[in-house]
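The structure appears below as structure tokens.
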Amino acid sequence: MAISILYWGITLLGSDFYPRVWIDEGWIAEPGYTLATAGEFGNPSHGSIYRFDDRLYWNSPLKFLLLGGVYKLGLPAFAGGRYLSMFLGFGTVLLLCHGAMLLLSGNRSRRPGDSDGKSPQLEGGNSSRLGGGDLSRSDIANPKLWLGALLLWLALCITTDPTLWKSHRTIRFESLTAFCFALTWVSWLAVPWKWRGLAMGLGAGLAFLSHPAGALASGVTGFLFLTDPKPLATRLHQLGLAALTVVLCILPWALYLLGDREADFVNFLGQNAPHLDGRDHGLLEQMALERQRYLAYF
24 MAISILYWGI
34 TLLGSDFYPR
44 VWIDEGWIAE
54 PGYTLATAGE
64 FGNPSHGSIY
74 RFDDRLYWNS
84 PLKFLLLGGV
94 YKLGLPAFAG
104 GRYLSMFLGF
114 GTVLLLCHGA
124 MLLLSGNRSR
134 RPGDSDGKSP
144 QLEGGNSSRL
154 GGGDLSRSDI
164 ANPKLWLGAL
174 LLWLALCITT
184 DPTLWKSHRT
194 IRFESLTAFC
204 FALTWVSWLA
214 VPWKWRGLAM
224 GLGAGLAFLS
234 HPAGALASGV
244 TGFLFLTDPK
254 PLATRLHQLG
264 LAALTVVLCI
274 LPWALYLLGD
284 READFVNFLG
294 QNAPHLDGRD
304 HGLLEQMALE
314 RQRYLAYF
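Count along the sequence shown from 1, then add 23; that gives the number in our numbering.
Okay, structure coming up:
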């Protein structure tokens, strides 16, 4: 909690001048502001001159919808968008610290629904404790313990090194995607087994709705369930529940994209390159052009 409060203070004090305004922030804020004011989409600044005039979701929709809610409250477009990122960053730091503490304290091994009430360390015959705390000698070699420490260090970096995470302070998508990633991981640590597939599927689905790169959360979810030592049928049941939840989360957006087939999905795959030269490109070429565009920022 102390790290989260420190993050809040540092981010709030510098939000109006650091980092400087990125051109992406206007493109991202505008659909949210249009949603809030019931205006018509198609302002050239988010691409109507390149055939986006009747479309909103040129990217995953969740950040636009959240921004629309923020602007509906009457907050200024720039400050309101950055305040939303600040709230999401606060939640991310809080989740990372909570997950790290669960691992470092050993409480994860005694969650409801994980076992018959016995500690796995005791079942393995190693009941020796170090310093009277929750850690056994075997815990010291557990890679997940050190992963918890890494998450705690990462939370500290988010807090004290704004250069490292400066995109999280803008109106861009990174703050929301990071929050959804953290939510997915902490669901694995904190949620009882019978609800874990649902919780992780929700986190992974929201991550994908925040940005296409959020699909990585689904891969991590599958990896964790498939490598868990529980019986295969139990793991597959939870994995299926997680997959179903992800599908239900993204189904409305998928139906929207299917309705855009007449434009050959130009709003989905063709978003980046037309901002450079007005022409459509293949996906790999778009990625190269997008990298070129971002290098110009630095």
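Think of the CB as a built atom: it goes at the ideal place given N, C-alpha and C, for glycine as much as any other residue.
Residue 111 holds the alpha-carbon nearest to the alpha-carbon of residue 233 among 257, 111, 100. The Cβ atoms of residue 222 and residue 214 lie closer than 8 Å to each other. In its chain, beyond the 5 residues on either side, 210, 211, 261 have a beta carbon closer than 7 Å to the beta carbon of residue 219. At a Cβ-Cβ threshold of 8 Å, residue 48 and residue 114 do not count as neighbours. Beyond the five residues adjoining it in sequence on each side, residue 94 comes within less than 7 Å, by CB distance, of 55, 56, 59, 100, 103 in the same chain, given in chain order. Residue burial annotation: residue 252 is exposed, with fewer than 16 other C-beta atoms found within 10 angstroms of its C-beta.
Each of 128, 274, 27, 245 was checked against the Cα of residue 258, and the nearest Cα belongs to 245. Residue nearest to residue 31 within the set 108, 87, 91 is 108 (criterion: CA-CA distance). Between residue 273 and residue 231, the gap from beta carbon to beta carbon is short of 8 Å. Across the set 267, 192, 119, 25, the C-alpha of 192 shows the shortest separation from the C-alpha of residue 36. In the DSSP annotation of this structure, the continuous segment of the alpha helix (DSSP H) that includes residue 124 starts and ends at 100-128. Taken through DSSP and simplified to helix, strand or coil, residue 196 comes out as coil.
Across the set 249, 200, 92, 61, the C-alpha of 200 shows the shortest separation from the C-alpha of residue 239. Put simply, the backbone Cα of residue 208 is about 11 Å away from that of residue 121. Just so you know, the alpha carbons of residue 128 and residue 118 end up roughly 15 Å apart. The Cβ atoms of residue 84 and residue 216 do not sit closer than 8 Å to each other.
Under the DSSP assignment, residue 233 falls in the alpha helix (DSSP H) whose first and last residues are 216-233. DSSP places residue 55 in the helix class (H, G or I) of the three-state scheme.
Here the alpha carbons of residue 50 and residue 86 stand approximately 12 Å from one another. Relative to the Cα of residue 267, the nearest Cα in the group 205, 241, 279 belongs to 241.
Relative to the Cα of residue 45, the nearest Cα in the group 97, 196, 125, 116 belongs to 196. Secondary structure note for residue 83: it is in no alpha helix (DSSP H), with a DSSP letter that is neither H nor E. For the 8 Å CB-CB criterion, residue 90 and residue 61 do not form a contact.
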